[in-house]
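Novice: Got a structure for you, written out below as structure tokens; questions coming shortly.
Protein chains: 2
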Amino acid sequence: MTERIDLAAVMERLAGAEDILLLCHKNPDGDTLGSAGALYWALTALGKRAAIFCSDPVTERYDYMQLGLYDGSWEPKYVAAIDVAGIQLFGEGAAQYLKRVDLCIDHHPSNSGYADATLLEPEAAATAEIIYLLICRMEVEFTPVMADCLYTGVSTDTGCFKFANTTPRTHHIAAELMERGAHFVHLNELLFESKSQRRLAIEQTALSHLEYHFGGRCALMYVSRDEILQTGADSNDLEGITSIPRMIEGVVVGVTMRQLESGSYKVSVRTAGEIDACKICAALGGGGHMRAAGCEFFGNLENAKAAVLAEVEKQI
Amino acid sequence: MTERIDLAAVMERLAGAEDILLLCHKNPDGDTLGSAGALYWALTALGKRAAIFCSDPVTERYDYMQLGLYDGSWEPKYVAAIDVAGIQLFGEGAAQYLKRVDLCIDHHPSNSGYADATLLEPEAAATAEIIYLLICRMEVEFTPVMADCLYTGVSTDTGCFKFANTTPRTHHIAAELMERGAHFVHLNELLFESKSQRRLAIEQTALSHLEYHFGGRCALMYVSRDEILQTGADSNDLEGITSIPRMIEGVVVGVTMRQLESGSYKVSVRTAGEIDACKICAALGGGGHMRAAGCEFFGNLENAKAAVLAEVEKQI
């Protein structure tokens with residue numbers, strides 16, 4: 001059972017800690033890296049030795065955060081997990097640092113309470129919001145690189161202030177990060193206005209197989225294994241295209257099907273309005289949320305399509 | 317010569333005005349409509365007769381603003397232009413109301429000063445920011461429909477808080493509009509996460525002609541007149557696709573060429589970093605800004621491409 005602590009207690013514990021390792025979750029995103037990055041800079045400014053560990057590699061895209069990644073040359077005495085909801089999300093490479101997680105700072109309502117002490121703010125749009133409040137109270141100069149790290153966390157977790165998790169506080173914090181020197185124009189371009197050639201190619205390929213069903217209320221697209229290999233698309237690219245069919249005007253159910261190595265199809269369903277994506281996928285052995293769900297279908301494309309469309313028809 | 321006035325003076329003049337016509341610019345966007353819409357609601361709440369006039373039709377997409385459009389049944393005694401930088405931007409249908417424009421509220425630095433009195437705030441990201449400050453000072457209840465109108469203006473003029481014109485104040489105002497009841501989730505979906513079938517089709521077609529030049533630093537795509545007609549794309553759809561080539565990772569010059577009815581090609585150039593789009597287009601008889609410029613090229617596709625690429629090569 002974790003001890004739930006508040007911001008003041010977190011400050012106290014960090015003030016007393018030395019040789020601090022900050023752990024990010026696997027498949028690291030802007031929030032886990034930006035939050036850990038800003039805290040790394042703040043701890044370093046306090047004269048402490050600190051570093052960041054992530055079991056997966058960090059893409060070059062985030063180089064501007066100047067993350068101090070752990071090089072193994074010293075033994076961590078204090079371990080803090082940043083934006084990690086459960087122990088399984090650290091990834092296998094982190095196992096050696098998990099004997100004792102002293103502290104967890106997170107915003108995921110599903111946080112399992114695996115750390116000795118946890119600061120959990122489920123109403124925060126991003127863990128970066130919590131770290132912002134923390135650093136503001138610490139006696140360190142708030143530098144532009146910290147602002148860049150936190151702007152990255154806040155903006156990526158909210159889809160650049162578009163998603164339902166955005167709150168008035170999110171906008172107020174964004175304003176303050178801009179005032180503290182965040183290079184928001186550059187970051188917005190990099191994070192939201194840029195696409196890899198690979199990603200564009202897989203989008204193109206998927207859209208070349210776009211079909212409308214039920215009078216344009218359902219749009220479905222798919223990519224075969226061969227097409228995925230041809231374009232070189234990775235799992236991020238594939239995840240990224242699943243929002244496209246639902247964005248089309250008039251579409252309330254968007255379906256994306258991608259063939260897996262095994263030959264079966266991974267199906268992603270996105271819905272609008274009253275339509276429950278989870279019901280559609282649960283009927284096919286999958287699950288998820290109201291607006292976004294998924295399932296896997298063993299069988300050829302035609303059978304998979306027919307099965308998914310039959311479930312869509314029941315809900316639409 | 318217009319009289320430059322401040323927020324307090326605008327309040328005073330509006331307080332003394334009756335039968336107020338609010339003029340929007342042609343090809344109305346979210347800012348001119350949202351700003352005029354919120355002001356219409358505020359004036360109506362003060363017990364005044366007011367209405368909005370735009371020389372172009374307002375698309376159904378903006379129905380949620382419940383804009384009180386002018387029906388011609390009464391004679392305007394006071395005319396206020398909202399977000400209109402110059403007299404030519406009213407459109408021909410507005411000529412009868414332009415004998416005297418009593419007031420202009422605008423944020424375009426290029427505002428020509430055509431009105432009797434002007435409140436110009438070039439540092440505002442959107443005219444909606446100015447109207448927000450105005451309504452806050454008026455003795456009216458700030459309703460959710462006003463908040464929706466102003467959120468529309470602020471978010472559309474900043475590309476949902478992405479563009480360089482966004483300021484800390486923009487974010488603070490967005491936060492306050494959310495607190496005043498703006499339906500931001502619904503609005504963000506409608507304004508930023510939705511694409512017409514037509515728009516998607518023209519994107520697809522243009523991208524099917526995507527070429528990389530100069531080692532991937534320039535991406536060029538084009539659409540023929542026949543393709544435009546086949547997809548039914550309108551000028552908005554065509555304008556919308558011009559940002560795509562520049563978004564590709566590694567691309568610093570994005571070129572979009574679309575064939576006009578005359579057979580000639582309209583060329584749109586978008587650049588990143590130090591590359592001047594205007595120089596490229598000026599060399600071909602066009603013009604524009606550092607990051608976005610355009611020109612028209614008379615001749616066949618191959619000649620047009622060769623001419624544009626030759627200019628790109630000089631700058632790249």
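If you're matching them up, the sequences are chains A and B in order.
Residue numbers for the first sequence follow the numbering used here, beginning at 1 and rising by one.
Residue numbers for the second sequence follow the numbering used here, beginning at 317 and rising by one.
For glycine and all other residues, C-beta sits at the position ideal for the given N, C-alpha and C.
Please read all numbers here as calculations on a predicted model, not as lab measurements.
(1) Less than 8 Å between CB atoms is the rule here; does residue 437 of chain B satisfy it with respect to chain A?
(2) Output needed for residue 18 of chain A: all residues of its chain with C-beta closer than 6 Å, excluding positions within five of it in sequence on either side, in chain order.
(3) Name the residue from A/278, A/207, A/210, A/43 whose alpha carbon lies nearest to the alpha carbon of residue 12 of chain A.
(4) What are the complete alpha helix (DSSP H) segments, minimum 4 residues, inside the region 236 to 289 of chain A?
(5) Decide yes or no for the touch test of the region 377 to 394 of chain B against the region 480 to 493 of chain B: beta carbon pairs closer than 8 Å, at least 3 of them.
(6) At which residues does the beta strand (DSSP E) containing residue 341 of chain B begin and terminate?
(7) Measure the alpha-carbon distance for residue 16 of chain A versus residue 123 of chain A and round it to whole angstroms.
(8) Beta-carbon within less than 7 Å of residue 449 of chain B's beta-carbon, same chain only, minus the 5 sequence neighbours each way: which residues are those?
(9) Excluding the 5 residues preceding and the 5 following residue 87 of chain A in the sequence, name in chain order all residues of the same chain whose CB lies nearer than 6 Å to its CB.
(10) Between the alpha carbons of residue 545 of chain B and residue 582 of chain B, how many angstroms are there, rounded?
(11) Does any residue of chain A bring its CB to less than 8 Å from the CB of residue 425 of chain B?
(12) Residues in its own chain within less than 7 Å of residue 437 of chain B by CB, not counting five upstream and five downstream?
(13) Who are the neighbours of residue 185 of chain A on chain B, taking C-beta pairs under 7 Å?
(14) Would you mind reading off the limits of the alpha helix (DSSP H) that contains residue 31 of chain A?
(15) For residue 212 of chain A, which residues in the same chain have their Cβ closer than 6 Å to its Cβ, ignoring the five residues on either side in sequence?
(16) Enumerate in chain order the residues of its own chain whose CB-to-CB distance from residue 56 of chain A is below 7 Å, with the five nearest sequence positions on each side excluded.
(17) Measuring alpha carbon to alpha carbon, tell me which residue in B/396, B/321, B/379, B/466 is nearest residue 367 of chain B.
(18) I want to see whether chain A comes within less than 8 Å of residue 622 of chain B, judged by CB atoms only; does it?
(19) Quick one: residues in its chain with C-beta nearer than 6 Å to the C-beta of residue 460 of chain B, no 5 flanking neighbours on either side, listed in chain order?
(20) Looking only at C-alpha atoms, which of B/622, B/525, B/591, B/510 sits nearest to residue 251 of chain A?
(21) Can you tell me which residues form a DSSP beta bridge with residue 434 of chain B?
(22) Count Cβ pairs between the region 155 to 175 of chain A and the region 200 to 216 of chain A that sit closer than 8 Å; are there 3 or more?
(23) Please list, in chain order, all residues of the same chain as residue 592 of chain B whose beta carbon is under 7 Å from its beta carbon, the five residues on each side excluded.
(24) On a Cα-Cα basis, can you pick out the residue from A/187, A/185, A/188, A/155 that is closest to residue 172 of chain A?
(25) Can you tell me which of A/249, A/248, A/256, A/246 puts its alpha carbon nearest to the alpha carbon of residue 237 of chain A?
(26) Along chain B, in chain order, which residues have C-beta atoms closer than 7 Å to that of residue 248 of chain A?
(27) Is there a Cβ from chain A that is less than 8 Å from the Cβ of residue 420 of chain B?
(28) Would you kindly work out how many angstroms separate the C-alpha atoms of residue 31 of chain A and residue 187 of chain A, rounded to a whole number?
(29) Are the C-beta atoms of residue 555 of chain B and some chain A residue less than 8 Å apart?
(30) Reducing DSSP to helix, strand and coil, say where residue 67 of chain A ends up.
(31) Could you tell me the distance, in whole angstroms, from the CA atom of residue 576 of chain B to the CA atom of residue 541 of chain B?
(32) I'd like the span of the alpha helix (DSSP H) that includes residue 153 of chain A, first residue to last.
(33) Note down, in chain order, all residues in the region 123 to 144 of chain A with a beta-carbon under 7 Å from any beta-carbon belonging to chain B.
(34) Straight-line CA distance for residue 320 of chain B to residue 399 of chain B?
(35) If you count every other CB in all the chains shown that lies within 10 Å of the CB of residue 75 of chain A, and 16 or more means buried, which is it?
(36) Does any residue of chain B have a CB that is nearer than 8 Å to the CB of residue 192 of chain A?
Specialist: By the coordinates alone:
(1) For residue 437 of chain B, the answer is no, since every Cβ of chain A falls outside 8 Å of its Cβ.
(2) Taken in chain order, the residues that qualify are 77.
(3) Among A/278, A/207, A/210, A/43, the Cα nearest to that of residue 12 of chain A is on A/43.
(4) As far as the region 236 to 289 of chain A is concerned, its whole alpha helix (DSSP H) runs of at least 4 residues are 244 to 247, 277 to 282.
(5) Touching, no.
(6) Under the DSSP assignment, residue 341 of chain B falls outside any beta strand (DSSP E); it carries neither an H nor an E label.
(7) Separation of residue 16 of chain A and residue 123 of chain A (C-alpha to C-alpha, rounded to the nearest whole angstrom) is 28 Å.
(8) Around residue 449 of chain B: 323.
(9) Result list for residue 87 of chain A: 114, in chain order.
(10) Taking the straight line from one Cα to the other gives about 16 Å.
(11) Not a single CB atom of chain A sits nearer than 8 Å to the CB of residue 425 of chain B.
(12) Answer for residue 437 of chain B: 423, 446, listed in chain order.
(13) Within chain B, the residues near residue 185 of chain A are 480.
(14) Start and end: 30 to 45.
(15) For residue 212 of chain A, where only same-chain residues beyond five positions count, the Cβ hits under 6 Å are 219.
(16) So the list reads 26, 27, 28, 91, once near-sequence residues are dropped.
(17) For the residues B/396, B/321, B/379, B/466, the minimum Cα distance to residue 367 of chain B belongs to B/396.
(18) Interface flag for residue 622 of chain B against chain A is unset, since no Cβ pair is found closer than 8 Å.
(19) For residue 460 of chain B, same chain residues with a beta-carbon under 6 Å away, outside a window of 5 residues either side, are 497 in chain order.
(20) The shortest Cα separation from residue 251 of chain A among B/622, B/525, B/591, B/510 belongs to B/510.
(21) Bridge partners of residue 434 of chain B: B/320, B/420.
(22) No: fewer than three Cβ pairs fall under 8 Å.
(23) Within the same chain, residue 592 of chain B has close Cβ partners 606, 631.
(24) Considering only alpha carbons, the answer is A/155.
(25) In terms of CA proximity to residue 237 of chain A, A/256 leads the group A/249, A/248, A/256, A/246.
(26) Neighbours of residue 248 of chain A on chain B, chain order: 511, 513, 516.
(27) Chain A contact via Cβ: absent.
(28) Approximately 14 Å, taken between the alpha carbons.
(29) Closer than 8 Å: no.
(30) Correct three-state label for residue 67 of chain A: coil.
(31) Cα to Cα, residue 576 of chain B sits roughly 6 Å from residue 541 of chain B.
(32) DSSP places residue 153 of chain A inside the alpha helix (DSSP H), whose first and last residues are 144 to 157.
(33) Taking 7 Å as the Cβ-Cβ cut-off against chain B, none of the residues of the region 123 to 144 of chain A qualify.
(34) Straight-line Cα distance between these residues: approximately 15 Å.
(35) Result: exposed.
(36) It does: the Cβ of residue 192 of chain A has a partner Cβ on chain B nearer than 8 Å.
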